[in-house]
């Protein structure tokens, strides 16, 4: 009897959609895929420090800032595993940044660094003609609250970030978000402007 109860509980747990969604990893599409539908936002993003964040890792770039932070300004940090999670998109995750040669669209902090890997999201969005619920969008891996993602890099562990002291993550105007009302964002998103 105990075995039956234990097996039943285990089957329910393994079959749980919430658990499946929590552990599911989505593939990264890259900024050029996002650009196809979100060109205005892409143009705005392209001018931000986020788009150029990988460049900072190169030798000689931002030498004064690196020196002030106790970093070697002449060192090549472009392959440094402690820097790549915050200067690329998806590093260390399935389908994320590997190298400039292998995954050039994932260098820098692109759309998916904040919004989540976009391949599944992109497939859903190709089915045009309706508004999608928050749950449907989140099920594809889309992150509708990038503040948590931002604070994973812009925190006291970062050698150069004073993000928390300078910016209130709730009131901050996130780059590119008000440039255009994205056609397929949920009504909840548009109402709350997360």
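Numbering (this note's numbering), first residue to last: 3 to 196. Just so you know, even glycine gets a beta-carbon here, dropped at the ideal spot from N, CA and C.
Would you mind giving the Cβ-Cβ distance between residue i and residue j, rounded to the nearest angstrom? I have them listed as a contact below 8 Å.
i: residue 111; j: residue 52; result: 4 Å
i: residue 144; j: residue 117; result: 6 Å
i: residue 140; j: residue 146; result: 7 Å
i: residue 92; j: residue 119; result: 6 Å
For a test of the three-state rule: what should DSSP assign to residue i, helix, strand or coil?
i: residue 128; result: coil
i: residue 109; result: strand
i: residue 136; result: helix
i: residue 69; result: helix
How would you write the range of the alpha helix (DSSP H) that residue i sits in, first residue to last?
i: residue 113; result: 113-117
i: residue 59; result: Note, residue 59: premise wrong, no alpha helix (DSSP H); not H, not E.
i: residue 161; result: Where residue 161 is concerned, there is no enclosing alpha helix (DSSP H), given that its DSSP letter is neither H nor E.
i: residue 34; result: 33-37
i: residue 46; result: 41-48
i: residue 197; result: Because the chain in this structure spans residues 3 to 196, residue 197 falls outside the shown range and cannot be described.
By alpha-carbon positions, which one of the options ends up nearest to residue i?
i: residue 29; options: 99, 127, 161, 139; result: 99
i: residue 207; options: 83, 88, 107, 85; result: What is shown of the chain runs 3 to 196, which leaves residue 207 out entirely.
i: residue 155; options: 144, 86, 145, 119; result: 86
i: residue 27; options: 54, 96, 69; result: 96
i: residue 84; options: 142, 43, 56, 127; result: 56
i: residue 42; options: 91, 71, 113, 90; result: 113
Check whether the Cβ of residue i lies closer than 7 Å to any heavy atom of the ligand COA, and answer yes or no.
i: residue 144; result: With respect to the ligand COA, the structure shown offers nothing to examine, as it has no ligands at all.
Does the beta carbon of residue i sit closer than 8 Å to a beta carbon anywhere in chain C?
i: residue 49; result: Note that chain C does not occur in the displayed structure, where there is just one protein chain.
ask   = Any contact of the region 118-131 with the region 58-75, i.e. 3+ C-beta pairs under 8 Å?
value = no
query = Does the region 43-62 touch the region 70-85, meaning 3 or more C-beta pairs lie closer than 8 Å?
reply = yes
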